[in-house]
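Engineer: Chains as they are written, first to last, in the numbering used here: chain A, 136 to 539; chain B, 136 to 539; chain C, 136 to 539; chain D, 136 to 539.
Where a beta carbon is used, it is the ideal one built from N, C-alpha and C, also for glycine.
(1) I need the DSSP call for residue 508 (chain C), collapsed to helix, strand or coil.
(2) Using the C-alpha atoms, what's the distance from residue 345 (chain A) back to residue 367 (chain A)?
(3) Look up residue 394 (chain B) in the DSSP assignment and say whether it is helix, strand or coil.
(4) In chain B, what lies closer than 7 Å to residue 442 (chain C) by C-beta?
(5) Run through the DSSP bridge pairs and tell me what residue 296 (chain D) is partnered with.
(6) Anyone know if the C-beta pair for residue 208 (chain B) and residue 398 (chain B) falls short of 7 Å?
(7) With DSSP as the reference, please indicate the residues paired to residue 422 (chain C) in a beta bridge.
(8) Note down, in chain order, each residue of its chain lying with its Cβ closer than 8 Å to the Cβ of residue 544 (chain C), except the 5 sequence neighbours on either side.
(9) Secondary structure at residue 345 (chain C), three-state DSSP: helix, strand or coil?
(10) Counting only Cβ-Cβ distances shorter than 9 Å, please list the residues of the segment 266 to 286 of chain C near chain D, keeping chain order.
(11) Using DSSP's beta-bridge definition, name the partner residues of residue 267 (chain C).
(12) Check this for me: beta carbons of residue 267 (chain B) and residue 310 (chain B), under 7 Å apart or not?
(13) Using a C-beta to C-beta distance shorter than 7 Å, which residues of chain D count as neighbours of residue 160 (chain A)?
(14) Which residues, taken in chain order from the segment 173 to 196 of chain C, show a beta carbon closer than 7 Å to some beta carbon of chain D?
(15) Just tell me which of D:418, D:444 and D:442 has its CA closest to the CA of residue 432 (chain D).
(16) Let me check understanding here. Comparing Cα to Cα, which of C:227, C:194 and C:182 lies closest to residue 402 (chain C)?
(17) Tell me, please, which residues DSSP counts as bridged to residue 333 (chain B).
(18) In angstroms, rounded to a whole number, what distance separates the CA positions of residue 299 (chain A) and residue 481 (chain A)?
(19) On the three-state DSSP scale, how would you describe residue 363 (chain B)?
(20) Pull up the CB-CB distance for residue 532 (chain A) and residue 485 (chain A), whole angstroms please, since I reckon it's below 8 Å.
(21) Residue 150 (chain C) by DSSP, collapsed to three states: which one?
(22) Residue ranges of each alpha helix (DSSP H) run of no fewer than 4 residues wholly in the segment 428 to 486 of chain A, ordered along the chain?
(23) Measure the alpha-carbon distance for residue 420 (chain B) versus residue 430 (chain B) and round it to whole angstroms.
(24) Could you check whether the Cβ of residue 415 (chain B) sits closer than 7 Å to any Cβ belonging to chain C?
(25) Quick one, which residues of the segment 508 to 529 of chain B are near chain C if we go by CB-CB under 9 Å, in chain order?
(26) As a quick exercise: from D:414, D:240 and D:428, pick the residue whose alpha carbon is nearest that of residue 316 (chain D).
(27) Does residue 433 (chain D) have its Cβ less than 7 Å from a Cβ in chain B?
(28) CB residue 333 (chain A) to CB residue 384 (chain A), shorter than 7 Å?
(29) According to the Cβ coordinates, are residue 278 (chain B) and residue 423 (chain A) closer than 7 Å?
(30) Compare the beta carbon distance of residue 462 (chain B) and residue 280 (chain B) with 7 Å and say whether it is the shorter of the two.
(31) Relative to the alpha-carbon of residue 365 (chain A), which residue among A:450, A:354 and A:343 has its alpha-carbon at the smallest distance?
(32) From residue 200 (chain B) to residue 234 (chain B), what distance separates their C-alpha atoms?
(33) Please determine if the segment 169 to 187 of chain D and the segment 368 to 378 of chain D are in contact, where contact requires at least 3 C-beta pairs separated by less than 8 Å.
(34) Which residues does DSSP pair with residue 166 (chain D) in a beta bridge?
(35) Using alpha carbons as the reference points, say which of C:474, C:440, C:442 and C:441 lies closest to residue 456 (chain C).
(36) Could you list the residues in the segment 344 to 365 of chain A with a C-beta less than 7 Å from some C-beta on chain B, going in chain order?
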């Protein structure tokens, strides 16, 4: 047993930290100012992002998430975890390193399941950071937590598929650079319940695609990224747009979501660390009732709980990542489910306490806390709500004692 | 002991409910549409508000909050409580009945402590719903939880006071109808710690007043109400602008905040009731894993806890209101502190569960849940953070056993 | 609305308090010493109990629980509630006033459903405090939470019923004065699921009754009361032993359990109040790190939460009692279920914090806290576990929106 | 990073598990029966313990806890952790492997700080499992959480020390085999606050030592181990009885308590694992409302939370152990404090849920749950209450940002 990060990891960690210190934290106000300057025309990219992407690429801090591909940095999941944590301290930092969702998951899909043509047309510019992408799974009309409920139709018509459906929470589809969608839908409604769904690749500008509106998260529009509601009306794609084959949507989803969930957890740990740092600093800097607020012992308990919960969640994230590296995503599915449930809850509690420590300032945008809270709150719903993951975990426990 | 509402209360409750059913709920989309139509020019009042105010006034549902004045409806706090609860189900509904904060508290201050002149100039149009007002207490530079920290200077200069300071979370000051501020500051920095502060009445358009920006709440601007940061630079008011006399700021604050806190709690109960209703309806309307989601028993527990917590908080709110009516705000201060702590926590839990029940929809603006969560989260900080009220309650307990 | 206790209630409350002060608290060590003196022969009654019973009877503080009978004090449920709270401060105090479970529930059953003969033979000496009784419902072999699972057979054989089954958690059956059991079992296994069960009256010394062992509660034997496991083997009772008629067991159980649950809640509030008192006193009396422990603000929060939770649970208990008085147990079933869930949880939290405040002393028998914790922990399981009551509450909520 | 146990550890783990399966679990009823057979004469050792000790010694499973001594098995803390976890599944199992508190901590003290004479006289028979020992630190009269409060006097008188004081929670002093005490007290009341205390070695049968009573934990006497209250009245020991020298008591306490706390945590994880196993098995074996209770989804959530919390606490325990091995107890003090707080809380929640799953059975002695709960509840108080450890953790966080 060894809790020390590998030398490779430590080297990258130092470089990512140095990059964050030099280029990201100092530019948080710049990012905010550029977004503010857009006024109501918010669906565009602040220039600072593209500038920093060039710098990160030049520094060799690029595509760090890709574990097993020639295209990426060749880092294992457990080596990548501490880097994602660093990036998670600033909401928009992952993109700077071309490590942002949903592109990371989509790139993995193209690497594993894409045809040469898909890879040439979509993977290449994604890896280069030239375009962005979206993943269209969730639907407004059904409880998508049970993915068998998904209703979007993908019907074969000669050499084409015709897609009809309505999706929402298509994150990133608000970005003008978003050029491609991976769409989940039903090709085989009469098949076995887990073989009805397929995934197809759809150009964002295909005829019949209408982005109807963005969905705010609490009051944030998350522009220019955005969480979009999209109508697909008789959208036609060539038969070659299908990934892996008809009825294999669930299989791809499983492969895609494991690392995606872990990446979210890693970033969530980083957001919680930052909240704890802000909380402690604030409490040290203000006085009430004759002493620094941090000397009021009710905060001892909150700080201690925050530190404990962050440490334990980090360890579980690392262990899940290490299992993915050593025994594979399938064996690690219990651990992935566990940390998917645990990390957001932990972070929400830490951030909420940090908000409380800041007084009114905490709910405003003068700190990253409220925005961070809103974003992480969605993680208890995205990629399967807590309840579904708890069910998975409970079933694995029951299985242990099935025969006695 | 009798838990039944009085006949007077029941009559008003039925009328408020009927008004809500007929005029408020159906106009929630209208309000949203009118605000949306403003584009970036959000600091204006949607027309529907003024229309509904006329209707409420005509229906005799006006100034219901004023307990002991000829000006109001003459309802006791405990008779008003169930009405405020009804109003609390829609964020903007209280204003329709001229029962919205911070005007309610400010009107009470003018009724109790205002001069004839103040009453003529400010109270009258406030009671008529012609103008609005703000209360300038919290400051960005200090932990205002300990109100003795407040630094704004109010200095006598001949027949005038000169005010210099910086305030924030001045709620309602964004509204173009907001014409008057009540400002808390230090007149007597060398006096005993609870006699240093005073309150003065300041016209919103006084020279030296600058509204610098609004403070968002989890991404919401709360326009046109707004929570503003305001600079007061050599603002001059006549000596008669002082309320009750120098050094009596704390006394007024105590008087003002009791009912104000209770009103917030009443409305919070209403918001929680509505969240529970939305949660149950949603869970009944969707299926997952082969049955309606409400049949998954994890929701039994959440619904039951929600119902229990709402009921107990309502009872404590009613008891606090009843004590204010029968033994006065001072004797009731323990109960007021208790419900100030308990009601927002309860509501945040209920609303959070309701969000979870709605999936992605819950964090968007397709339900009132996320906005409600954000607004109520601020109540754990406003009018004294939880920690200060817990301290008050704990001290009252300790006092019981001081001599043994 | 009126939160004040009635004059009748206040008069009784003052008298019960005076009796507790004069006769009960000072005799807590006497009770402990008398039990200790028994050595291993613990299934006998300490003399102090019978002495105090005489005193309470003489003081007119007797059978206060009986709401609607000539036999009792004629107090409503809401008038009795504050008295039960006082008694609940000392685990054995209720018996002194002949207000202890399970006799109270059993007496109510005899009053409402007993024949003249039952009343003469069992009710009379129970009301006189001459004998005690037990209620045999729960069974070791099945999940008794779902009462339809109960398996004990009650079979008609000529003029008799023959009973075969195994019961446990038959509380009070360890007491040498326990002379009668009310037994729930199946008379009609083929009937509709809620008409299979009946209740019969069985003398404790009937042939075929074997008390096999006592069940400890966290190490406490609860002697001489005891929670017993009882074998019923071909126990024969006359046909007249049946209560109300075959198949009416559920009906009686419903009638019996409502007030029983509320009484437990009332006493639980009292136990929590005492724990809070002990906690605060202890924290005031000890120093750590240079100041009284109560000055460490982490305790402000715990004390405040304790006070809030006690107050809210008391109010809900009172409301449930008041509803039972005014609209009946059936309409009040939601409120009864709510407080059945809420009161023990609240008390366990308060007592646990009080234990923490006492250090090692808290888990020993030097305070009543650990014993109180153990006893109240069983209330989350007895008379239906939390989960069953939460289900009831959730169903009542769902019912509200069935048609929309 | 590597989460796999070492080969050495895995080998021992397999052997300990096999021993538990073969010799411990099957003898749980034997142990209970032998204790029961003692009647009131409970302060003696059930024969099964000594029998199993011989077997464990023969199997080479002996003194596994000693990390750095020739005397022990030479296992690192992180190699020992999974073994202690196995032992923790049965309350008395650790003793079988001569790995029980407080002997483990006392043996470590003798190894590190004892004189040759101490080692010959006390360490040797302790290592051989021939005698047992106790650690006399906590006092009834003061808040011992703040160890500077300790009042027991150790005064030099010629060649001797004279000890006067009162101790309690002296665990293990009830055992007839307990032959030696390590006593903490004040030798230098005028010294700097952390140099006033010393530790001395006192034979259990020294003149002036009176074991006054045992302290129950909830209703358990923990016989024959026992938690004793001990009066020390003019107890004389030779000057050589002092450990390390006057004023070094705190230093020894720090050294002693680190591993001791971690051992408790390891065992606690084991107890929680067993509770989860019992919970799941019980829920699978019973039906309510028409299906196995485990199919009621409220249990999904509880089982999942239990699994998550156990995993995260195990990881943190392992990390703390690994840090003790690699960077030393002092650098690891934050992690030790964290897991000292986290593990008991986690286990209490898991066990409490397991109790709930068992119904009445859960609070009785038919499962190990209630006893386990009681024992682990004391861990939130022993070796420093939660609040003191939270303070330590919070201070370490604050230290990080002292300069900005």
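Structural biologist: Taking the geometry as given:
(1) helix
(2) So the two alpha carbons sit approximately 7 Å from each other.
(3) helix
(4) Residues of chain B whose Cβ lies closer than 7 Å to the Cβ of residue 442 (chain C) are, in chain order, 473, 528 and 532.
(5) D:291 and D:372
(6) Taking 7 Å as the Cβ cut-off, residue 208 (chain B) and residue 398 (chain B) do not qualify as a contacting pair.
(7) C:427
(8) Outside the displayed range of chain C (136 to 539) lies residue 544 (chain C), so it cannot be described from this structure.
(9) strand
(10) Residues 273, 275, 277, 278, 279, 280, 281, 283 and 284.
(11) By DSSP's assignment, residue 267 (chain C) forms a beta bridge with C:313.
(12) yes
(13) Neighbours of residue 160 (chain A) on chain D: none; closest Cβ ~14 Å, over 7 Å.
(14) 174 and 175
(15) Out of D:418, D:444 and D:442, D:418 has the C-alpha closest to the C-alpha of residue 432 (chain D).
(16) Out of C:227, C:194 and C:182, C:227 has the C-alpha closest to the C-alpha of residue 402 (chain C).
(17) DSSP lists B:320 as the bridge partner or partners of residue 333 (chain B).
(18) Rounded to whole angstroms, residue 299 (chain A) to residue 481 (chain A) spans 39 Å at the Cα level.
(19) strand
(20) Between the beta-carbon of residue 532 (chain A) and that of residue 485 (chain A) there is about 27 Å, and that puts the pair past the 8 Å contact cut.
(21) helix
(22) 433 to 461
(23) Whole-angstrom Cα-Cα distance: 11 Å.
(24) Chain C contact via Cβ: present.
(25) 521, 522, 524, 525, 526, 527, 528 and 529
(26) D:240
(27) yes
(28) yes
(29) yes
(30) no
(31) With distances taken between CA atoms, residue 365 (chain A) lies nearest to A:343 out of A:450, A:354 and A:343.
(32) The alpha-carbon separation between residue 200 (chain B) and residue 234 (chain B) amounts to approximately 6 Å.
(33) no
(34) Note: residue 166 (chain D) sits in no beta bridge, so no partner.
(35) The residue with the shortest Cα to Cα distance from residue 456 (chain C) is C:474.
(36) 350, 351, 352, 353, 354 and 355
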